[in-house]
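This report refers to the structure that appears directly beneath it.
Residue numbers (the numbering used here), protein chains in the order written: chain A, 14 to 198; chain B, 26 to 313.
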């Protein structure tokens, strides 16, 4: 991703809007018994579009804002989303931009990764209550919702950052060679 | 060139990991008046109006999505539970009308106006504007804060019963830790016999609460109501007023090797889908 002042401003706004929309919109939805995690999908998209450094920094920023908005342990969401953004960015750097089906699969996978990292942080910092097995059901529901919502959010993020996106995925059209173009000398 | 990029990437990652771990450890170590807590409240204060605006702006979309989900869920129940058809229809109809919010407010007024609010407390109605996205935290943000008189540890009730307590405040917003949060513990009394225990969450299952430390000899049966006992427990410093409905008993088991019974409750308040709550604000200094 090519970072110009304009793109940096767009990134900052995207981070702010993502945190606000996560807390006020996605978190209040109930779909098939689970709550979708839109922020993790936006962070994944930022990692896929911008690479590991952009993914990690924006993921950390989105997470830190959510930690502040929820008055919860500073660093918990920040570390989770940083991890997701970094791994998504590394995927882009090693495998290239995924196709549409790939984005959906990655959406589910990164949602699950975020849940595992967050659960690990919670367990590491101590839980004083019983944990229900429904946590697993919630994780499955969130993962499926993540797969379903990832493509529209990915395309949205790509649209917002369009001027800065370096699309290294080969397009569907074959390149024109002199032969294919029918040039006659 | 490539090696330089790799070094830069690793340096940024290392920096962010160290920052995360530092934040986590320092946040736990410091008190609620520490610099990180103050900075967090500062950010929340600045973003509070934006959060409230976003909540209002996105409400129609949210209602539409939730309507689809409720309709889908109601159809499933329709197939499986014919005997609950009428009740489900009522719930669906309620969800489809704008009168729902009015109902919720009316129930809140009935709950807190029906003699449950003890002298020295005054109910302050607030709208839920934010919610935790994970089952590990069970917290909501409301649109009233210290400016409306709210203070940390004030009890909060929803339309059908106890919701939680205020755990942090800014001038215009407050965080409410729900009774389904891992850090919550409320002393409860089973009616009518009066057996007491500590109501704690079953993290990950917002419908299920546990009433712990109930003596084996106490007779507990299904559908008995549990209300607040009226004194603090655990990390809570202030008292919940006695008599606020919490939930009803769904299951009680007493294993032979255990000194206490394990009692499951279903919370009366629909903590996942509430629009309004009331904080019970102490109006005099000795209210606790």
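Every residue gets a Cβ at the ideal spot worked out from N, C-alpha and C, and that includes glycine. Just so it is clear, the structure is predicted and the values come from calculations on it, not from any experiment.
- Leaving aside the five residues that flank residue 247 of chain B on each side, the residues in its chain whose CB is nearer than 6 angstroms to its CB run, in chain order, 274.
- Rounded to the nearest angstrom, the gap between the Cα atoms of residue 29 of chain B and residue 39 of chain B is 15 angstroms.
- Burial check for residue 18 of chain A: the Cβ neighbour count within 10 Å stays below 16, so the residue is exposed.
- Scanning B:51, B:210, B:289, B:50 for the CA closest to the CA of residue 142 of chain A turns up B:210.
- Excluding five sequence positions before and after residue 234 of chain B, the CB atoms of its chain that fall closer than 8 angstroms to its own CB belong to 204, 205, 224, 225, 226, 227, 271, 272, 289, 290, 291, 292, given in chain order.
- Interface annotation, residue 65 of chain B: in contact with chain A, CB-CB separation under 7 angstroms.
- Listed along chain A are 81, 82, 84, each with a C-beta nearer than 7 angstroms to that of residue 69 of chain B.
- Separation of residue 146 of chain A and residue 125 of chain A (C-alpha to C-alpha, rounded to the nearest whole angstrom) is 16 angstroms.
- The C-beta distance from residue 121 of chain A to residue 159 of chain A rounds to 5 angstroms, short enough to fall under 8 angstroms.
- For residue 226 of chain B, the enclosing beta strand (DSSP E) starts and ends at 221-228.
- Note that the segment 182-194 of chain B does not touch the segment 148-166 of chain A; fewer than 3 beta-carbon pairs, one per stretch, sit closer than 8 angstroms.
- With respect to the C-alpha of residue 139 of chain A, the residue from B:207, B:78, B:219, B:168 having the closest C-alpha is B:207.
- Close CB contacts of residue 180 of chain B within its chain, under the 6 angstroms cut and outside five residues either way in sequence, are with 190, 265, 305 (chain order).
- No Cβ of chain B is located within less than 7 angstroms of the beta carbon of residue 22 of chain A.
- Membership of residue 175 of chain A in any beta strand (DSSP E) is not indicated, and neither H nor E is assigned to it by DSSP.
- Residue burial is scored here from C-beta neighbours: residue 176 of chain A has fewer than 16 other C-beta atoms within 10 angstroms and is therefore classed as exposed.
- For residue 95 of chain A, a Cβ of chain B is located within less than 7 angstroms of the residue's own Cβ.
- Around the beta carbon of residue 93 of chain B, fewer than 16 other beta carbons sit within 10 angstroms, so the residue counts as exposed.
- Exclusion of the five residues before and after residue 72 of chain A leaves 56, 94, 95, 97, 98 as the residues of its chain whose Cβ lies within less than 6 angstroms of its Cβ.
- In chain order, 278 place their CB closer than 6 angstroms to the CB of residue 287 of chain B, counting only its own chain and leaving out the 5 sequence neighbours on each side.
- In this structure residue 78 of chain B is exposed. Its beta-carbon is surrounded by fewer than 16 other beta-carbon atoms within 10 angstroms.
- Residue 73 of chain B is positioned such that its CB atom lies closer than 7 angstroms to that of residue 198 of chain B.
- In this structure, the CA atom of residue 49 of chain B is about 14 angstroms from the CA atom of residue 64 of chain B.
- Neighbours of residue 140 of chain A across chain B, judged by C-beta separation under 7 angstroms: 207, 228.
- Residues of chain A with a Cβ closer than 7 angstroms to the Cβ of residue 154 of chain B are, in chain order, 37.
- Residue 75 of chain B and residue 101 of chain A have their C-alpha atoms roughly 29 angstroms apart.
- Within the same chain, 28 come within 6 angstroms of residue 74 of chain A by CB-CB distance, once the 5 residues on both sides are set aside.
- About 4 angstroms separates the Cβ atoms of residue 40 of chain A and residue 156 of chain B, confirming a contact at the 8 angstroms cut-off.
- Taking residue 62 of chain B as the centre and dropping the five residues before and after it, the same chain places the C-beta of 55 closer than 7 angstroms to its C-beta, in chain order.
- The Cβ of residue 88 of chain A sits closer than 7 angstroms to at least one Cβ of chain B.
- In this model, residue 144 of chain B and residue 169 of chain B are separated by some 22 angstroms (Cα to Cα).
- In the structure shown, residue 151 of chain B adopts extended strand secondary structure according to DSSP, grouped into three states.
- Considering only B:242, B:298, B:45, the residue with the shortest C-alpha distance to residue 283 of chain B is B:242.
- The residue among A:42, A:61, A:89, A:76 with its C-alpha nearest the C-alpha of residue 137 of chain A is A:89.
- A buried status is given to residue 81 of chain A, since no fewer than 16 other beta-carbon atoms sit within 10 Å of its beta-carbon.
- The Cβ neighbour count for residue 63 of chain A, taken over all protein chains shown within 10 Å, is at least 16; the residue is labelled buried.
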